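Engineer:
Numbering (the UniProt record's numbering), first residue to last: 1 to 412.
(1) Which value, in whole angstroms, describes the spacing of the CA atoms of residue 339 and residue 167?
(2) What's the C-alpha gap between residue 317 and residue 265?
(3) Quick check on residue 121: does DSSP put it in helix, strand or coil?
(4) Beta-carbon within less than 7 Å of residue 126's beta-carbon, same chain only, minus the 5 sequence neighbours each way: which residues are those?
(5) Return helix, strand or coil for residue 161, following the three-state DSSP convention.
(6) What's the call for residue 272, buried or exposed, on a 16-neighbour Cβ count within 10 Å?
(7) Shortest alpha-carbon distance to residue 262 belongs to which of 227, 131, 354, 172?
(8) Look at the Cβ atom of residue 212, then the Cβ atom of residue 238, and state whether they are nearer than 8 Å.
(9) Kindly indicate which residue of 190, 302, 72, 101 has the alpha-carbon position closest to the one of residue 275.
(10) Anyone know if the C-beta pair for residue 299 and residue 280 falls short of 8 Å?
(11) Please state if the CB of residue 337 and the CB of residue 329 are separated by a distance shorter than 8 Å.
(12) Under 8 Å by Cβ, that's how I've got residue 68 and residue 100 pegged, so tell me the actual separation to the nearest angstrom.
(13) Tell me whether residue 236 is buried or exposed, calling it buried when 16 or more other Cβ atoms sit within 10 Å of its Cβ.
(14) Do you know offhand how far residue 63's Cα is from residue 102's?
(15) Quick one: give me the first and last residue of the alpha helix (DSSP H) that residue 103 is part of.
(16) Please report the residue range of the alpha helix (DSSP H) in which residue 198 lies.
(17) Taking contact to mean 3 or more Cβ pairs, one atom from each stretch, closer than 8 Å, check whether the stretch 184-195 and the stretch 239-258 are in contact.
(18) Since I believe residue 344 is in contact with residue 308 (beta carbons under 8 Å), could you give me their beta-carbon distance rounded to a whole number of angstroms?
(19) Could you check the C-alpha separation between residue 283 and residue 277 for me, to the nearest Å?
(20) Does DSSP put residue 68 in a helix, in a strand, or in coil?
(21) Quick check on residue 352: buried or exposed, where buried means 16 or more other Cβ atoms within 10 Å of its Cβ?
(22) For residue 415, count the other beta carbons within 10 Å of its own beta carbon; 16 or more makes it buried, fewer makes it exposed. Which is it?
(23) Could you tell me the distance, in whole angstroms, from the CA atom of residue 489 to the CA atom of residue 208?
(24) With DSSP run on the structure shown, which of helix, strand or coil describes residue 181?
(25) Excluding the five sequence neighbours on either side, which residues of its own chain have a C-beta within less than 6 Å of the C-beta of residue 215, listed in chain order?
(26) On a Cα-Cα basis, can you pick out the residue from 114, 97, 294 that is closest to residue 84?
(27) Beta carbon of residue 467, beta carbon of residue 116: below 8 Å?
(28) For residue 105, which residues of its own chain have a beta-carbon under 7 Å away from its beta-carbon, when the five flanking residues on both sides are left out?
(29) With a 10 Å radius around its C-beta and 16 neighbouring C-beta atoms as the bar for buried, classify residue 97 as buried or exposed.
(30) Measure the alpha-carbon distance for residue 242 versus residue 121 and round it to whole angstroms.
(31) Which residue comes first and which comes last in the alpha helix (DSSP H) that contains residue 327?
(32) By Cβ distance, which residues of its chain are closer than 7 Å to residue 140, with the 5 residues on each side in sequence left out?
(33) Using the Cα positions of residue 79 and residue 129, report the straight-line distance between them to the nearest angstrom.
(34) Ends of the alpha helix (DSSP H) at residue 304?
(35) Below 8 Å between beta carbons: does that hold for residue 217 and residue 190?
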């Protein structure tokens, strides 16, 4: 440091030797990268990614993948399912292997779980294969095996239905299932897992040989549990997309009941009742199974039930108009009930209410005007202001507005 405060090296305090040393290091590093083949910055990033790929991903270029696959298949054929499963899992998780090899490895991994009686793991692995390879060669086989497992899981539900029909104690029947461990079944929510597997079967193989059965059992279980909206969805899908299925007539019966029971009552939307009636007419016109016998009688009973619910809805609509002091609208709706639903109890009730409205209706025109909604609003408004009907409150209108009107001929 000199006397005037300027550094002795003349570079404002910069360490020249250290700077030169760092520059020399960077030059040597660049020369080393170039000699290794990193001619561009993009190549540098690629080599860095390749060197760290094994740390953050399971995928890598495996030249021995084919040999591993052959060895795993040999162990699978020798019933060494546990060791074969781990190798299949490793091969399927390596995305750099050929897609055909990955799909086969994933399928055989699921098959290994199935042979080991680990059905929950097998179903999950089948579904994983369908997600990774939705149009693969093993799709139909995977869906068939998933359906078999799901159908096996539903044995408990079918046993519960049978026990309820036999009059057994359902509480004790359900409690027994809680203390039974079985590795072939899910520990929790077996029925839910079965329905999930059946949905995946239909989703991944919508025209397959087990798709209609999967839809039927999804709908039937929801129907038994009282979930009529869900049951209607599954049955209606089966009716629409599987016209040649032997389960279609039974699904039609249950769909009609589900639609009529999913409305929530007469005070709610009647769209589902209308759909149920439309399905009844469709079955009568285009399904030979419903032309005679018990199924024909079933359709007749369902039509009566649907029309009864529709009559109740229209009758309650008329009651609403009557309760809100709209006798004209109520009378009109009661007349609709009489014409649409003759012979029902609601037709008789509507006739009685119409007679009561006529009996209470005013005879002269002055009283008849009091029934209108505008007159009712005017009376309520005048009651709020605290004045009598027709009275003009002073100070609100100018004097000229309340003065008598002079005919045009008498005006100056």
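For glycine and all other residues, C-beta sits at the position ideal for the given N, C-alpha and C. Computed from a predicted model, the values in this text were never measured in an experiment.
Structural biologist: The short version:
(1) Numbered from its first residue, the chain shown carries residue 339 at position 339. Numbered from its first residue, the chain shown carries residue 167 at position 167. If you draw a straight line from the Cα of residue 339 to the Cα of residue 167, it is about 45 Å long.
(2) Stepping through the chain shown from its first residue, residue 317 is reached at position 317. Stepping through the chain shown from its first residue, residue 265 is reached at position 265. Going from the Cα of residue 317 to the Cα of residue 265 covers about 13 Å.
(3) Stepping through the chain shown from its first residue, residue 121 is reached at position 121. Helix, per DSSP.
(4) Within the chain shown, numbered from 1, the residue matching residue 126 stands at position 126. Within the same chain, residue 126 has close Cβ partners 110, 142, 145, 146.
(5) Walking along the chain shown from the start, residue 161 turns up at place 161. In this structure, residue 161 counts as helix in the three-state DSSP scheme.
(6) Looking up residue 272 in the chain shown gives position 272. So residue 272 counts as buried.
(7) By 1-based counting over the chain shown, the position of residue 262 is 262. Of the listed residues, the one whose Cα sits closest to residue 262 is 227.
(8) Here residue 212 is taken as the residue at index 212 of the chain shown, counted from 1. Here residue 238 is taken as the residue at index 238 of the chain shown, counted from 1. Yes; because the gap between Cβ atoms is below 8 Å, this pair is in contact.
(9) On the chain shown, position 275 is the one that residue 275 refers to. Closest by alpha carbon: 302.
(10) Counted from its first residue, the chain shown places residue 299 at position 299. Counted from its first residue, the chain shown places residue 280 at position 280. The Cβ atoms of residue 299 and residue 280 sit closer than 8 Å to each other.
(11) For the purposes of this step, residue 329 is identified with residue 329 of the chain shown, where counting begins at 1. For the purposes of this step, residue 337 is identified with residue 337 of the chain shown, where counting begins at 1. No, the Cβ-Cβ distance between residue 329 and residue 337 is not below 8 Å.
(12) As a working mapping, residue 68 is identified with position 68 in the chain shown. As a working mapping, residue 100 is identified with position 100 in the chain shown. Contact flag wrong, Cβ pair sits at about 15 Å.
(13) Taking the chain shown and counting its residues from 1, one reaches residue 236 at position 236. Counting Cβ neighbours within 10 Å, residue 236 comes out buried, since at least 16 surround it.
(14) Counting from 1 along the chain shown, the entry for residue 63 is found at position 63. Counting from 1 along the chain shown, the entry for residue 102 is found at position 102. Taking the straight line joining both Cα atoms gives about 14 Å.
(15) Within the chain shown, residue 103 is the residue found at index 103, counting from 1. For residue 103, the uninterrupted alpha helix (DSSP H) segment begins and ends at 99-115.
(16) Along the chain shown, one-based indexing puts residue 198 at 198. It spans 190-204 - the alpha helix (DSSP H) in which residue 198 sits, taken as one unbroken run.
(17) Between the stretch 184-195 and the stretch 239-258, the count of C-beta pairs closer than 8 Å stays below three; the two stretches do not touch.
(18) Your numbering for residue 308 matches position 308 in the chain shown. Your numbering for residue 344 matches position 344 in the chain shown. That pair is a contact at about 6 Å.
(19) Residue mapping note: residue 283 aligns to position 283 of the chain shown, counting from 1. Residue mapping note: residue 277 aligns to position 277 of the chain shown, counting from 1. Near 10 Å, if we compare the C-alpha coordinates of residue 277 and residue 283.
(20) Position 68 of the chain shown, counted from the start, is the residue given in the question as residue 68. Of the three classes helix, strand and coil, the one that applies to residue 68 here is helix, per DSSP.
(21) For the purposes of this step, residue 352 is taken as residue 352 along the chain shown, with counting starting at 1. Residue burial is scored here from C-beta neighbours: residue 352 has fewer than 16 other C-beta atoms within 10 angstroms and is therefore classed as exposed.
(22) An answer regarding residue 415 cannot be provided, because it is not within the stretch 1 to 412 covered by the chain.
(23) Here the chain has residues from 1 to 412 only, and residue 489 is not among them.
(24) Residue mapping note: residue 181 aligns to position 181 of the chain shown, counting from 1. Residue 181: coil per DSSP, three-state reduction.
(25) In the chain shown, the residue the question calls residue 215 occupies position 215. Take residue 215, set aside five residues on each side of it, and the residues of its chain with a beta-carbon closer than 6 Å to its own are 202, 234, 237, 238, in chain order.
(26) For this step, residue 84 is matched to residue 84 along the chain shown. Residue 114 is the option with its Cα nearest to residue 84.
(27) One cannot answer for residue 467 here, as it falls past the ends of the chain, which runs 1 to 412.
(28) The count along the chain shown starts at 1 and reaches residue 105 at position 105. Around residue 105: 69, 88, 91, 92.
(29) Within the chain shown, numbered from 1, the residue matching residue 97 stands at position 97. Classification for residue 97: buried.
(30) In the chain shown, residue 242 corresponds to position 242, counting from 1. In the chain shown, residue 121 corresponds to position 121, counting from 1. CA-CA distance, residue 242 to residue 121, rounds to 30 Å.
(31) As a first step, residue 327 must be located in the chain shown, where it is residue number 327. First-last of the alpha helix (DSSP H) with residue 327: 327-340.
(32) Taking the chain shown and counting its residues from 1, one reaches residue 140 at position 140. Short of 7 Å from the beta carbon of residue 140, and not among the five residues preceding or following it, lie these beta carbons of its own chain, in chain order: 205, 208.
(33) Taking the first residue of the chain shown as 1, we reach residue 79 at position 79. Taking the first residue of the chain shown as 1, we reach residue 129 at position 129. A straight-line Cα-Cα distance of about 22 Å links residue 79 and residue 129.
(34) Translated into the one-based positions of the chain shown, residue 304 becomes position 304. Counting along the chain, the alpha helix (DSSP H) containing residue 304 begins and ends at 294-323.
(35) Reading the chain shown from its first residue, position 217 is the one you call residue 217. Reading the chain shown from its first residue, position 190 is the one you call residue 190. The answer is no: Cβ separation not under 8 Å.
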